[in-house]
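Please read the structure below before turning to the comments.
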Amino acid sequence: MYQVTLIFLALLPLTSTSRPYDVSSNEISSFNDPDFSDLRNTQTLCRTFPGMNRKQMQLCRRMPDVTAAAIQGIDMAVHECQHQMKNRRWNCSSLEMRHGNPFAHALMSRAGLKETAFAHSLASAGVLYQVTRSCSAGKLPYCGCDTRFVGSGEGFEWGGCSHDIKFGEGFAIDFLDSSEKSGRDAQARMNLHNKRAGRLAVSHYAEKRCKCHGMSGSCQLKTCWMQTPHFREVGNRLMEKFSLALEIRARNTNSGSVELVTRARSQFSTPRKKRRFPPQEELVFLEKSPDFCDADTRLDSPGTRERYCNRTSTGIDGCDSLCCGRGYNIRLERRTEWCNCTFHWCCYVRCQQCHSSQWVNQCK
Numbered sequence: 013m014y015q016v017t018l019i020f021l022a023l024l025p026l027t028s029t030s031r032p033y034d035v036s037s038n039e040i041s042s043f044n045d046p047d048f049s050d051l052r053n054t055q056t057l058c059r060t061f062p063g064m065n066r067k068q069m070q071l072c073r074r075m076p077d078v079t080a081a082a083i084q085g086i087d088m089a090v091h092e093c094q095h096q097m098k099n100r101r102w103n104c105s106s107l108e109m110r111h112g113n114p115f116a117h118a119l120m121s122r123a124g125l126k127e128t129a130f131a132h133s134l135a136s137a138g139v140l141y142q143v144t145r146s147c148s149a150g151k152l153p154y155c156g157c158d159t160r161f162v163g164s165g166e167g168f169e170w171g172g173c174s175h176d177i178k179f180g181e182g183f184a185i186d187f188l189d190s191s192e193k194s195g196r197d198a199q200a201r202m203n204l205h206n207k208r209a210g211r212l213a214v215s216h217y218a219e220k221r222c223k224c225h226g227m228s229g230s231c232q233l234k235t236c237w238m239q240t241p242h243f244r245e246v247g248n249r250l251m252e253k254f255s256l257a258l259e260i261r262a263r264n265t266n267s268g269s270v271e272l273v274t275r276a277r278s279q280f281s282t283p284r285k286k287r288r289f290p291p292q293e294e295l296v297f298l299e300k301s302p303d304f305c306d307a308d309t310r311l312d313s314p315g316t317r318e319r320y321c322n323r324t325s326t327g328i329d330g331c332d333s334l335c336c337g338r339g340y341n342i343r344l345e346r347r348t349e350w351c352n353c354t355f356h357w358c359c360y361v362r363c364q365q366c367h368s369s370q371w372v373n374q375c376k
C-alpha cells in the first residue's frame, strides 16, 4: 500500500488574484524564449559556449552565425525532449543548457540507453531544423533558399523560398558527428546512427506548401515551396521511434571497424535474422535503461523525488508509477505567473501578476 501524506502549506482560498505590472519589451521576451544573449553576439560565441571540440571550434570561427543557429536548435531540441518525456521518470530536465552543453552530460556522452538514442536524434534534428529555417528567413549569409525547385508542376508553379534542407543537413553532420571519434567504438556508432535517424525525421518529411492566387480565392494559380515539418511533428515521430527502439550489439569487422547488428529477439531466431542491420530511420540502443527512480550520479539523473504526479492516473504519469512505491504528498501550492500581457505603443508591455492556489501531488 502506498503511503500518502497531506501537507497544508497555507490556509489559502482556491481562487486567483492578479495585479498589474509593467515590463519592458525586452524583459517580456525572456518569459518564453531561452536566453541567447551570448549567441546573438556571434563574436563571443566561440569563446563562451562550453564543451565544443576542435572541429566545432573551427566551424564556429568560420561560420559563427550558423553555429549560433545550430546551438539554438539544440536548445529547442532539449525543450521538445522535456515536452515528450514530461510524464516519464527521466524527463530531460538535467539536459537544460543552463547546466552547460547537453552533449557533455553523462547520459549523452557515456551511456548507450534508449533515452540516449532519443536525445541524440532529437538534437541532430534540432540543428538541421533551426539552421534550415534560419537560412530560409534570410538570417544567415552562407545560405538561402533551395534553388532546385524551379519551373512549374501539375497545377502549380514553384516559387517562394523552399527550405535548403541539404545545407542544414550538411552542417548538422559537420557540427555534431565530429564528436564521435570516427565511429570506431560501439557507443560512437550508436550515436552516429541515431543522429542520422533524427535528421531523416526532418528531411524525409519535408512537405509542399502552397498559396493560392486569383479572384476571390479561386486558386487559378498556386505558388508552392518545400519546407521542413513543424518541430512538434518531428518530436512526435521520434517519440514513436523511441517506443519501438531496437536493441543492438556491436560486431567487429575484418577491417577492424565496428558495425551494429540487431540482437535476436528469441532463441529460435535464424542466424540471418540475428545479423540484421538496423534500418537507418530507427533508433537503436546498446544497454537496457535503469528504472530512474533514484538519483544516479553515473548518469547525472536526478531521480523522481519531489516530481509532480497524477494520483488518479494508472499510466506512466500516475503517482504509483512515477513515485516508484515511495508514496506521495498532497499539498496546497501557491503559484505566481505573468498574465494578461498587452503591448503599449511605444514601447513597453503591461502585464498582470496572477496568483492561484491548487492542490498538487508530489513524490516522496
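Start counting the sequence shown at 13; every next residue gets the next number (my numbering).
Glycine included, each C-beta is placed from N, C-alpha and C at the ideal position.
All of these numbers come straight from a predicted model, not from anything done at the bench.
Separation of residue 302 and residue 102 (C-alpha to C-alpha, rounded to the nearest whole angstrom) is 10 Å. Ranked by how close their Cα comes to the Cα of residue 135, the residues 359, 83, 248 have 83 in first place. By the neighbour-count criterion, in which a residue is buried when 16 or more other Cβ atoms sit within 10 angstroms of its Cβ, residue 86 is buried.
For residue 133 against residue 207, the beta-carbon gap comes to about 6 Å, under 8 Å, which counts as contact. In the displayed model, residue 202 falls within a helix according to three-state DSSP. Residue environment for residue 373: buried (at least 16 other C-beta atoms within 10 angstroms of its C-beta). A contact is defined here as three or more CB-CB pairs under 8 Å, and the stretch 217-225 meets this definition with respect to the stretch 235-250.
About 21 Å separates the beta carbons of residue 328 and residue 371, which is beyond the 8 Å limit, so they are not a contact pair. Cβ contact annotation for residue 338 (same chain, cutoff 6 Å, sequence separation greater than five): 376, in chain order.
Taking C-beta atoms under 8 Å as the contact rule, residue 298 and residue 202 qualify, at a distance of about 6 Å.
Under DSSP, residue 237 takes part in a beta bridge, and its partners are 221.
Taking 7 Å as the cut-off, the beta carbon of residue 336 is found closer than this to the beta carbon of residue 305. A straight-line Cα-Cα distance of about 17 Å links residue 192 and residue 292. In the structure shown, residue 364 adopts extended strand secondary structure according to DSSP, grouped into three states.
Relative to the Cα of residue 259, the nearest Cα in the group 231, 295, 250, 224 belongs to 295.
Here DSSP, grouped into helix, strand and coil, assigns residue 169 to strand. Only residues of its own chain outside the window of five on either side were considered, and among them 144, 147, 148, 155, 156, 157, 158 have a CB closer than 8 Å to the CB of residue 176, listed in chain order.
Looking at 252, 197, 317, the one whose alpha-carbon comes closest to that of residue 261 is 197. Approximately 7 Å separates the beta-carbon atoms of residue 81 and residue 152; this is inside 8 Å, confirming the contact. Under DSSP, residue 349 shares a beta bridge with 366. Within a 10 Å sphere around the beta-carbon of residue 253 sit 16 or more other beta-carbons, which makes this residue buried.
Considering only 61, 211, 71, 68, the residue with the shortest C-alpha distance to residue 112 is 61. Taking the Cα of residue 245 as reference, the smallest distance to any Cα among 96, 65, 64 is reached at 96. Going by beta carbons, residue 92 and residue 140 fall outside the 7 Å limit.
For residue 322, the beta-bridge partners assigned by DSSP are 330. According to the DSSP assignment, residue 141 belongs to the alpha helix (DSSP H) that extends over 126-148.
If you compare the alpha carbons of 215, 233, 256 with that of residue 242, the shortest gap goes to 215. In this structure, residue 123 lies away from residue 257, with their beta-carbon atoms at least 7 Å apart.
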